Amino acid sequence: MAVQKRFIAGAVCPRCGEMDRIRAWEQHGVRYRDCVSCDFFEQAAIEDETTAELETRVNREREEQQRNTIQPVRILDPRGH
Numbered sequence: 001m002a003v004q005k006r007f008i009a010g011a012v013c014p015r016c017g018e019m020d021r022i023r024a025w026e027q028h029g030v031r032y033r034d035c036v037s038c039d040f041f042e043q044a045a046i047e048d049e050t051t052a053e054l055e056t057r058v059n060r061e062r063e064e065q066q067r068n069t070i071q072p073v074r075i076l077d078p079r080g081h
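Going by full-length UniProt numbering, 4 is the number at position 4 of the sequence shown; the sequence numbering is gapless.
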């Protein structure tokens, strides 16, 4: 029986930087990820929770929003009052 590989929507390949090219699948207690545009390949035991989260549009936008929060502006009186 063939293993079903699924694309991870919004994932950016850490090697080539292409979006929506990462596939993921699990087989025999191992999680695999690869890129269909370059030679990126990664495997990790499923019990291993230390694997970094793959960058996606969602978590990238969340980080940008946190960095770009609106800060109040203090207007100074030019007369020094």
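Idealized CB from N, CA, C, for every residue including glycine.
All figures in this text were calculated on a predicted structure; none of them were measured in a lab.
Cut-off 6 Å between Cβ atoms - residues of its own chain near residue i, not counting five sequence neighbours on either side
i: Met19; result: Val12
i: Phe7; result: Arg23
i: Phe41; result: Asp34
Residue closest to residue i, alpha-carbon to alpha-carbon, out of the options
i: Ala9; options: Gly17, Arg15, Arg23; result: Arg23
i: Arg31; options: Gly17, Lys5, Asp39, Ile46; result: Ile46
Expected contact under 8 Å - CB spacing of residue i and residue j to nearest Å
i: Arg21; j: Val36; result: 5 Å
i: Cys38; j: Arg74; result: So it is not a contact: roughly 48 Å between Cβ atoms.
Identified DSSP bridge partners for residue i
i: Val12; result: Met19
i: Cys35; result: Ile22
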